[in-house]
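J.:
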Amino acid sequence: MNRRNFVNIFLGSSLVGTIVSFLYPVVRYILPSKRIEASIKKVTAARLGELAPNSYKIFKFGTTPGILIQTKEGELKAFSAVCTHLTCNVLYESETETILCPCHNGRFDLSGNVISGPPPAPLESYIVEISGEEIIVSRKT
Amino acid sequence: MKQRHKKSSLVFILVVPAVILSALTVYAQTNSCIACHREMGDELAMPAEAFKLDVHQEFGLSCSDCHGGNPAEEDVDLAKDGTFEGAPLREQIPEFCASCHSDSSYMRRYNPSLRVDQLDLYLTSGHGKLIKEGDTKAAVCTDCHGTHGILASSHPKSWTFPWNIPDMCGRCHADKDFMKGYRIPTNQLEEYEQSVHAYALFEKKDLSAPVCNDCHGNHGAAPPEVTSIAFVCRQCHPSTGELFSKSPHKTVYDELGISECEACHGNHKIFPPSDDMLGTGEKAVCIECHDPDSKPYQIASRIKKLLDDFIQQTDSARDLLEQASGKGVDVSNPMFKLREANTLLIMVRNLTHSLDIPAIEEKIQEGEKVILEVQEAGQAALKEATFRRRGLIISTFFVFLLAIALYLKIRLIEKKNQAK
Amino acid sequence: MNKFLKDALIYIDGRFKLSALLEFAKKKKVPEHKHSIWYYFGGICLFLFVIQVITGILLLLYYSPSVDSAYESVHTLMSRVKFGWLIRSVHSWSANILISAILIHMFSAFFLRAYRKPRELTWISGFFLLLIFFAFGFSGYLLPWNELSFFATRVGTDIAGTVPLIGHALKNFILGGPEISDVTLPRFFWFHVAILPLFTVIILGVHLVLVQVLGMSKPISLSDDKVREVPFFPNFILKDMLGWLLILVLIGVLCVFLPWEIGQKADPFAGTPLGIKPEWYFTFMFTTLKIVPSHILFIEGEVLAILGFMVGGLLWMLVPFLDKKASKEKKSPFFTWVGAFILLYIIVFTALTYLLPNL
Chain A
1 MNRRNFVNIF LGSSLVGTIV SFLYPVVRYI LPSKRIEASI KKVTAARLGE LAPNSYKIFK
61 FGTTPGILIQ TKEGELKAFS AVCTHLTCNV LYESETETIL CPCHNGRFDL SGNVISGPPP
121 APLESYIVEI SGEEIIVSRK T
Chain B
142 MKQRHKKSSL VFILVVPAVI LSALTVYAQT NSCIACHREM GDELAMPAEA FKLDVHQEFG
202 LSCSDCHGGN PAEEDVDLAK DGTFEGAPLR EQIPEFCASC HSDSSYMRRY NPSLRVDQLD
262 LYLTSGHGKL IKEGDTKAAV CTDCHGTHGI LASSHPKSWT FPWNIPDMCG RCHADKDFMK
322 GYRIPTNQLE EYEQSVHAYA LFEKKDLSAP VCNDCHGNHG AAPPEVTSIA FVCRQCHPST
382 GELFSKSPHK TVYDELGISE CEACHGNHKI FPPSDDMLGT GEKAVCIECH DPDSKPYQIA
442 SRIKKLLDDF IQQTDSARDL LEQASGKGVD VSNPMFKLRE ANTLLIMVRN LTHSLDIPAI
502 EEKIQEGEKV ILEVQEAGQA ALKEATFRRR GLIISTFFVF LLAIALYLKI RLIEKKNQAK
Chain C
562 MNKFLKDALI YIDGRFKLSA LLEFAKKKKV PEHKHSIWYY FGGICLFLFV IQVITGILLL
622 LYYSPSVDSA YESVHTLMSR VKFGWLIRSV HSWSANILIS AILIHMFSAF FLRAYRKPRE
682 LTWISGFFLL LIFFAFGFSG YLLPWNELSF FATRVGTDIA GTVPLIGHAL KNFILGGPEI
742 SDVTLPRFFW FHVAILPLFT VIILGVHLVL VQVLGMSKPI SLSDDKVREV PFFPNFILKD
802 MLGWLLILVL IGVLCVFLPW EIGQKADPFA GTPLGIKPEW YFTFMFTTLK IVPSHILFIE
862 GEVLAILGFM VGGLLWMLVP FLDKKASKEK KSPFFTWVGA FILLYIIVFT ALTYLLPNL
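Chains as they are written, first to last, in my numbering: chain A, 1 to 141; chain B, 142 to 561; chain C, 562 to 920.
1. If you follow the alpha helix (DSSP H) that Q376 of chain B is part of, which residue opens it and which one closes it?
2. Please find out if some non-hydrogen atom of the ligand SAH comes closer than 6 Å to the beta-carbon of D497 of chain B.
3. Can you check whether the C-beta of V767 of chain C is within less than 7 Å of a C-beta belonging to chain B?
4. Should A213 of chain B go down as buried or exposed, given a rule of 16 or more other Cβ atoms within 10 Å for buried?
5. For the beta strand (DSSP E) containing Q70 of chain A, name the first residue and the last one.
6. Please list the terminal residues of the continuous beta strand (DSSP E) segment that includes C101 of chain A.
7. What whole-angstrom Cβ distance do A441 of chain B and G420 of chain B have, given they're in contact under 8 Å?
8. With the cut-off set at 7 Å, would you say H360 of chain B and Y438 of chain B are in Cβ contact?
9. From the beta carbon of F79 of chain A, is the nearest beta carbon of chain B less than 7 Å away?
10. Does DSSP classify S388 of chain B as helix, strand or coil?
11. Are three or more beta carbon pairs between the region 172-183 of chain B and the region 286-295 of chain B nearer than 8 Å?
12. Only counting the same chain, and skipping five residues up and downstream in sequence, which positions put a Cβ closer than 7 Å to that of D222 of chain B?
13. Go to V591 of chain C, then tell me how far its beta strand (DSSP E) extends in each direction, as first and last residue.
14. Measuring CB to CB, does L485 of chain B end up less than 7 Å from E514 of chain B?
15. Which residues in chain B sit within 8 Å of P102 of chain A, going by Cβ to Cβ distance?
16. Leaving out five residues before and five after A500 of chain B in sequence, what residues of the same chain have Cβ atoms less than 7 Å from its Cβ?
17. Is DSSP giving F6 of chain A helix, strand or coil here?
18. Helix, strand or coil for T44 of chain A per DSSP?
19. For P839 of chain C, count the other beta carbons within 10 Å of its own beta carbon; 16 or more makes it buried, fewer makes it exposed. Which is it?
20. Roughly how many angstroms separate the alpha carbons of S203 of chain B and H197 of chain B, rounded to a whole number?
21. Would you say the region 65-80 of chain A touches the region 132-141 of chain A, given that touching needs at least three Cβ pairs under 8 Å?
22. I need the DSSP call for G322 of chain B, collapsed to helix, strand or coil.
23. Helix, strand or coil for S138 of chain A? Go by DSSP, reduced to three states.
24. What residue range is occupied by the uninterrupted beta strand (DSSP E) comprising S131 of chain A?
25. So F882 of chain C is in the alpha helix (DSSP H); what residue range does that whole segment cover?
26. How is the alpha helix (DSSP H) around E517 of chain B delimited, first residue to last?
27. Taking C-beta to C-beta, are P894 of chain C and Y676 of chain C nearer than 7 Å?
28. Anything in the region 542-558 of chain B with a Cβ closer than 8 Å to a Cβ of chain A? List those residues in chain order, please.
29. On a CA-only basis, which of C:F794, C:G645, C:F610 and C:I860 is nearest R28 of chain A? Give me that one, please.
30. Does S21 of chain A have its Cβ less than 7 Å from a Cβ in chain B?
31. When Cβ atoms are compared, which residues of the region 384-411 of chain B fall closer than 7 Å to chain A?
32. Using only the alpha-carbon positions, how far apart do S243 of chain B and R107 of chain A sit?
33. Using a 10 Å radius around the Cβ and a threshold of 16 neighbouring Cβ atoms, would you call D743 of chain C buried or exposed?
34. E396 of chain B to E332 of chain B, Cα distance in whole Å?
35. Could you work out which residues of chain A lie near V540 of chain B, taking near to mean beta carbons separated by less than 7 Å?
36. Could you have a look at E790 of chain C and say whether DSSP puts it in helix, strand or coil?
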């Protein structure tokens with residue numbers, strides 16, 4: 001094969017290789033993959049049946065933690081899990097049916113209000129909705 | 142008939158407003174106490190100036206309500222009538238203030254939520270007892286609340302607002318010369334200012350942090366007894382206290398008369414507790430009582446090891462994430478998960494007060510699950526970093542091939558042009 | 562295969578009547594001399610612009626232009642979308658490289674007097690393109706809605722507000738209100754993806770047509786000489802592409818080793834972070850405004866400086882008409898000095914912003 005043909009084939013194949021190596025990321029980018037939640041307005045916190053009565057789960061609401069509680073009576077409540085005192089993660093204490101911050105014993109009731117301890121403000125409460133099998137938590141505003 | 146009506150209406154129009162106006166003028170007339178004292182200047186004017194901000198003034202009270210006298214009289218001798226009491230002596234001040242503040246039916250009119258037992262409490266306090274014995278150096282109401290510019294305790298400039306209290310108590314208690322003769326130390330303020338509570342109050346502006354009166358009481362102020370210190374700490378640290386009470390330390394400390402929390406954490410100079418306090422190392426508190434061969438010594442050493450291992454795992458998980466982050470991969474999701482491990486670490490540190498190794502181990506296992514997840518995410522992130530670099534090499538390789546091909550093509554064409 | 566291509570070309574030519582265009586293209590030549598390396602920069606700008614359009618369109622798939630979700634959508638892009646980190650980082654890095662290329666292109670055209678007759682309109686359209694791309698940069702910078710971009714936008718629009726007479730109305734129009742608010746982000750998005758691209762298409766179109774019709778300008782020193790010329794197609798284009806490939810590699814390396822940061826979500830009520838400044842290409846103006854004295858005679862220093870920049874920009878745009886010597890194909894050293902001074906000023910003041918941040 002002469003010079004010219006060689007260069008042309010070389011050019012063509014390297015061009016194809018370059019285009020493929022650039023097109024591959026673009027195609028992967030465009031194709032939808034498993035469900036991605038971009039907005040923090042709504043988050044799937046759990047699935048139905050995941051929580052037993054009088055228990056809780058910490059879930060991710062955007063970039064901050066949230067707490068999802070199923071009360072003894074089976075009602076679902078969700079709050080921001082960031083304690084308003086010194087930002088420790090709160091948890092749910094099933095014996096007292098209150099939300100407790102283990103750092104300095106701040107305690108909140110099931111409306112998010114401060115019952116005792118140093119927290120200066122109530123926990124931000126979220127709206128809980130059930131959509132099919134999923135428990136969706138969303139911001140109030 | 143018409144004329145009489147005219148006259149009576151004239152009277153009405155002139156007299157009634159005059160009466161009302163003069164009543165208003167009398168009402169609006171400055172208090173003669175304040176008017177005179179202002180004119181006198183210097184020390185005697187101070188009460189009148191300071192009273193402008195006083196909380197009593199807000200409720201419509203004034204000089205005569207405490208000191209007696211007649212503020213309507215301009216002449217000083219007439220003003221200082223039979224009801225005039227003047228300034229009380231130091232030892233009389235508690236009863237002077239209590240004449241209103243201990244009268245619940247009186248106080249109810251102004252602020253029903255205010256307590257009325259301050260005098261009773263005061264008489265049980267260290268200060269109150271000294272005053273009864275005739276020692277006028279001891280603090281009375283005005284030393285802490287001020288005299289004429291008294292602000293409510295909720296006002297940030299009040300001497301009794303939380304972040305003003307340490308210095309206020311320190312005015313006497315940190316003054317070595319003043320406290321000569323009393324057999325109590327004078328370094329409490331200095332020690333408190335180094336403590337984690339002072340840091341929380343002054344640096345973080347956390348008004349829930351304890352100051353002198355939170356542990357000592359305010360009106361009934363007295364140093365807490367050995368057995369009661371622990372109750373005081375439990376006001377804010379109840380879970381720690383509970384765990385301690387369940388531990389074998391409780392009965393032993395009570396028998397030995399050791400004051401629970403204070404023994405390891407101190408009273409005024411309470412530092413944020415460090416992990417070095419646990420175990421058998423140099424700074425550990427356990428070895429202050431326990432000998433090297435004893436079972437408690439072994440337990441101490443086991444607890445420290447559990448904690449250290451857990452911390453090490455958390456740190457190495459964090460390092461992994463930071464490594465991946467340094468390589469450009471976003472790790473905000475696993476970093477978020479790591480917060481849970483931190484919360485569990487705080488709970489484990491709390492649990493050490495119980496000396497309950499099975500409980501500690503259980504918590505640590507929970508933490509280890511979290512850390513495992515984080516580590517998996519970290520490894521995945523590192524893999525992603527490698528994937529990106531590989532991708533870059535591959536695409537760059539093709540680009541270079543293409544560049545060489547282009548260059549060759551250009552040379553070929555230029556040769557062709559030259560040949561033409 | 563070749564026959565197929567030949568037939569295809571004949572088919573298309575029959576319908577689009579391209580043969581005249583193709584003849585013109587074949588004849589187009591580019592001078593080759595010691596300064597011809599600067600010719601590549603126009604093509605580099607175009608190439609980078611195309612990259613911006615492509616990556617911008619891709620970003621549109623996942624970006625959400627509302628204050629509640631903009632930051633989170635960028636975060637998702639960087640952490641969850643496959644190759645989202647790459648598309649976004651390419652877009653951010655290329656923006657900066659593009660502005661650099663535009664500045665190099667502009668100054669090289671200036672020093673080579675490419676603006677002289679008959680290319681005055683090429684220069685003027687280029688000047689408008691400069692402003693358009695500054696606006697692209699400014700509007701795009703806010704879109705991730707993070708702390709840095711929020712406050713940089715506030716600083717920038719505050720300065721716009723101090724322009725005499727129209728400043729207040731201008732700021733209001735840009736921000737959609739007196740302050741940055743919820744409506745500002747969708748407005749900046751509108752500017753960035755619709756209005757500015759529209760203007761770009763029109764003005765870039767004019768600019769490119771002029772370049773094609775008038776060909777490359779030769780430096781005045783060589784205007785009498787016989788200079789070697791190479792065909793635009795395929796020689797120059799292939800060399801162009803070589804340059805583009807190198808830039809692609811540069812961008813790739815930057816994106817893998819220095820991916821663009823997500824930052825902290827903007828909090829309008831938080832205090833302004835220390836040392837806040839606009840993007841680097843605005844910093845020479847920003848630092849000038851910082852060090853100008855508060856009053857010169859009776860006029861506010863800031864206002865005088867802004868007016869100074871506006872007048873300076875106007876003069877810069879009109880330089881083809883001011884440089885009479887160049888239009889007569891004569892050397893104009895005065896304008897070389899002016900250009901050198903301006904370039905030095907920009908470099909020094911940009912550097913000062915970073916070296917002495919506490920001016």
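From the three backbone atoms N, C-alpha and C, an ideal C-beta is built for every residue, glycine too.
Because the structure is a prediction, the values reported are computed rather than measured.
T.: Taking the geometry as given:
1. That residue, Q376 of chain B, is in no alpha helix (DSSP H); it is neither H nor E in DSSP.
2. This structure simply doesn't include the ligand SAH, nor any ligand for that matter.
3. With respect to chain B, the C-beta atom of V767 of chain C has no partner C-beta closer than 7 Å.
4. A213 of chain B should be labelled exposed.
5. The continuous beta strand (DSSP E) containing Q70 of chain A extends over residues T64 to Q70.
6. T98 to C101 is the span of the beta strand (DSSP E), which, as asked, contains C101 of chain A.
7. G420 of chain B and A441 of chain B do touch by the CB rule: their CB atoms are close to 6 Å apart, below 8 Å.
8. Against a cut-off of 7 Å, the Cβ pair of Y438 of chain B and H360 of chain B comes out as no contact.
9. With 7 Å as the cut-off, F79 of chain A does not count as an interface residue toward chain B.
10. Reduced to three states, the DSSP call for S388 of chain B is coil.
11. Contact between the region 172-183 of chain B and the region 286-295 of chain B is absent, because fewer than three Cβ pairs lie under 8 Å.
12. Annotation for D222 of chain B: G210 and N211 place their beta carbon closer than 7 Å to its own, counting only its chain and skipping 5 residues before and after.
13. That run of the beta strand (DSSP E) goes K590 to E593.
14. Between L485 of chain B and E514 of chain B, the C-beta spacing is not below 7 Å.
15. Within chain B, the residues near P102 of chain A are S380, T484, I487, M488 and N491.
16. Exclusion of the five residues before and after A500 of chain B leaves L492 as the residues of its chain whose Cβ lies within less than 7 Å of its Cβ.
17. Under the three-state reduction of DSSP output, F6 of chain A falls in the helix class.
18. Looking at T44 of chain A - three-state DSSP - the assignment turns out to be strand.
19. Buried.
20. It is roughly 7 Å from the alpha-carbon of S203 of chain B to the alpha-carbon of H197 of chain B.
21. The region 65-80 of chain A vs the region 132-141 of chain A: in contact.
22. When secondary structure is reduced to three states using DSSP, G322 of chain B falls in the coil class, being assigned neither helix nor strand.
23. Under the three-state reduction of DSSP, S138 of chain A is assigned to strand.
24. Here the beta strand (DSSP E) through S131 of chain A covers S125 to S131.
25. It spans V880 to L883 - the alpha helix (DSSP H) in which F882 of chain C sits, taken as one unbroken run.
26. Its alpha helix (DSSP H) spans residues I498 to A560.
27. Not in contact: P894 of chain C and Y676 of chain C (Cβ atoms no closer than 7 Å).
28. Within the region 542-558 of chain B, the qualifying residues are L542, L543, I545, A546, L547, L549, K550 and L553.
29. Measuring from the Cα of R28 of chain A, the nearest candidate turns out to be C:G645.
30. For S21 of chain A, at least one C-beta of chain B is nearer than 7 Å to its own C-beta.
31. Per Cβ criterion, the list is empty.
32. A straight-line Cα-Cα distance of about 34 Å links S243 of chain B and R107 of chain A.
33. Under a 10 Å Cβ-count criterion, D743 of chain C is classified as exposed, with fewer than 16 other Cβ atoms of the shown protein chains found around its own Cβ.
34. Taking the straight line from one Cα to the other gives about 28 Å.
35. For V540 of chain B, the C-beta contacts it makes with chain A under 7 Å involve T18, in order along the chain.
36. DSSP, read as helix, strand or coil, puts E790 of chain C in strand.
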